[in-house]
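Presented below is the structure to which this report refers.
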Amino acid sequence: MNTSVKIGNTEFTNPILTASGTFGYGKEFAPFMNLDAIGGFCTKGISINPRKGNPEPRICETSSGMLNSIGLENCGSAHFLETILPEIAGYKTRIIVNMYAQSVEEFKTLTEILDAEKRIDCYELNLSCPNVKSGGISFGTDPKIVEEVTSTVRKTTDKTVIVKLSPNVTDITIPAKAAENGGADAVSLINTLAGLEVDVKKKQFALGNIIGGLSGAAIKPVALKLVWQTAKAVKIPVIGMGGISKLDDVLSFLMVGAAAIQIGAANFINPSISEELAVELKSYLQSENKTLQDITGILL
Amino acid sequence: MSFNLVTPIIEKKVLNKDMFIITVNCTEKPLAGQFVMIRSVSKFFEPYLSRPISVYDWKDGRLYMLIKIVGKGTELISNLSIGNIIRVTGFFGTNYPINGKKLLLIGGGIGIAPLYYAAKEAKTEKTEFILGFRSKDDVILKEEFSAIGTLNITTDDGTAYFKGNPVNYLNENLKEIDNETVILSCGPKIMMRGIEKALKEREIKHYCSLDTAMGCGMGACLGCRIEVDGNSKLICKDGPVFDAETLFNERRK
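Top line first, the protein sequences correspond to chains A and B.
Using my numbering, the first residue of the first sequence is number 3, and each one after it goes up by one.
Using my numbering, the first residue of the second sequence is number 18, and each one after it goes up by one.
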């Protein structure tokens, strides 16, 4: 059974990937699963320089989900290239580096820093982060900036470029089309939904940063709707994510048009979930005597 | 070694109104001070995240977890019975150094949990405990602890044993503790910091174990960050056991 998917010039052995920020730098999960059993994984968002992230508390459990405000803490590009990448380079699975930057120029510089590294297969641009030059408003809310960032990275690299979209917009098809116009190979969605929680006992906000991003099973219907809308609006592949925890969730995303999917918060609950779902998807297709293409987008 | 088990509870022992021990089969052997992440499998999304739980004991392929009901997550776990399936992932975190000749283990409340196994695993000449509880009725596992070391108990309200907390007890008996002693502690932060304050003029090593809400237990979610000596550390991966002298920075003040 061939479950491979091609996005840009990257061939994934199967459409099960893991989402940035929920899978560390990959190596953390190696004791619990075979990293080569999944199509690929997204690293924690990497910025040019290391970042300390937000004040504690940084996570908070919610009904069927969780809020996080880690604040994109990461080791920075130099440490990633020197220390972390060599530790994961031996795996055959596709490595997607999630990029975090605060200006168009920074995205270009970061791409240049990483681009010589052959083991990096794809970039995923985090456009939910604030653009310092436009007063801290997120890149993703301004279609012109989305297109500019995408085309800048596109011109700097031959690697596959995925643009990760924020759901915190009025119409997600607008930034999705802007990414397509900018030359993205794919869009991935959804990033977390903005939210906050109150610790009533302490009469305080539950998160040190007040606002965080909601993820987990609770957001799946929202994500499905946005993936469906986006898949209808663009011609490039859509990578779907948001609350995927079981095989039916994977199939739902594929049916509404996702070419591949990412597992997020569920990795925290069961560190082998992505491998388990890759195996389950394959046996489902075998038992139904269907190919991946037979079910992808059947509800579009 | 790491494991990710979906396995039935084979034993459950209720100790008092909010403390209980559950047991599962687990062939992997933990290091003293390590922890597991556990959650009910039958109630998949509520609570959403797993809970970090100390290893209370490990013997003959059985893993014993001492749990206190502190919120909805631990309450749901407390409602589980023998035969119910839980997910247990581990072993996570750093371990207590247990090579010292003399060990003094200081625990407060549910913080006593990792100390039993640490003392059992240690090959020391002398093992002594100071375990603090709120009141007489909260005292648990007296026989178990006294079977492996000298047990001193404190109660905050003085309804039995030494009146006060473990730090009060330590301060009163500090002269008798020599510099060869290694202190291992777990409990409220204020207690562990209090031990450091008490040790200000002394050269005694002190390792403490921190507890916090965690997303994953394995260093992936970065939720449990703390700053130690100006550096970012994760309680789950760089801890839970830390050198208390560096962590609290009380002795250099």
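Glycine is no exception: its CB is placed at the ideal position from the N, C-alpha and C atoms.
Because the structure is a prediction, the values reported are computed rather than measured.
Sequence-distant residues of the same chain with beta carbon closer than 8 Å to A:E126, five excluded per side: S22, C44, I98, V99, N100, M101, I164, V165, K166 and S190
Under 9 Å (Cβ pairs) to chain B, residues found in the region 161-186 of chain A: none
is_contact[A:R60, chain B] using C-beta, thresh 7 Å: yes
Residue-chain proximity (B:C253, chain A), Cβ-Cβ < 7 Å: no
Nearest-angstrom beta carbon gap, A:T162 and A:N11 [assumed within contact, 8 Å]: 6 Å
The region 216-228 of chain A touching the region 59-74 of chain A, judged by at least three CB pairs closer than 8 Å: yes
Residue span of the alpha helix (DSSP H) that contains A:P88, given as start and end: L87 to I90
Proximity of B:L83 and B:I38 at Cβ, strictly below 7 Å: yes
Sheet register partners of B:D260 (DSSP bridge): B:Y224
Contact the region 97-117 of chain B vs the region 171-178 of chain B: 3+ CB pairs below 8 Å: no
Segment limits, beta strand (DSSP E) that includes A:S285: Unbroken run through A:S285 is the alpha helix (DSSP H), I275 to E290; no beta strand (DSSP E).
B:P131, DSSP secondary structure in three states: helix
Supposed close pair B:L201, B:L120 - CB separation, criterion 8 Å: 6 Å
Cβ contact check for the region 195-214 of chain A and the region 143-153 of chain A: 3 or more pairs under 8 Å: no
Three-state secondary structure assigned by DSSP to B:R269: coil
DSSP beta-bridge partners of B:Q51: None; B:Q51 has no bridge partner.
Where the alpha helix (DSSP H) containing A:P145 begins and where it ends: P145 to T158
Boundaries (first-last residue) of the alpha helix (DSSP H) holding B:D173: Per DSSP, B:D173 belongs to no alpha helix (DSSP H) and is neither H nor E.
Interface residues of chain B facing A:M68 [CB-CB closer than 9 Å]: Y65, L66, G232, C238 and G240
Nearest residue (CA-CA) to A:I9, options A:A186, A:P132, A:L112 and A:S153: A:A186
Reduced DSSP secondary structure (H/G/I, E/B, other) of A:I98: strand
Distance CB(A:T232)-CB(A:I174) smaller than 7 Å: yes
Cβ pair B:E145, B:T172 closer than 7 Å: no
Cα-Cα separation, B:V53 to B:T106: 6 Å
Closer than 7 Å to chain A by CB, B:N21: yes
Beta-carbon neighbours of B:M235, restricted to chain A and to distances below 9 Å: G26, E30, F31, P33, F34, F270 and P273
Closest by C-alpha distance to A:T5, when choosing among A:N128, A:D296 and A:K29: A:D296
Same chain, Cβ closer than 7 Å to B:F3, neighbours up to 5 away in sequence not counted: Given that chain B is displayed from residue 18 to residue 270, the structure contains no residue 3 of chain B and the question cannot be resolved.
Whole runs of the beta strand (DSSP E) within the region 242-266 of chain A, excluding any shorter than 3 residues: 260-265
Inter-stretch contact (C-beta, 8 Å, three-pair minimum) for the region 232-243 of chain A and the region 104-121 of chain A: no
Pair within 7 Å by beta-carbon distance, A:A280 and A:I40: yes
Beta-ladder partner(s) of B:I243, from DSSP: B:K250
Contact test: A:I300 Cβ vs the ligand SAM heavy atom, cutoff 6 Å: Summarising the ligand content, the structure contains no ligands, and the ligand SAM is consequently not present.
Assigned secondary structure, A:P177 (DSSP; H/G/I helix, E/B strand, else coil): helix
B:T106: contacting residues in chain A (beta-carbon distance under 7 Å): P273
Cutoff 7 Å: B:S57 Cβ touching any chain A Cβ: no
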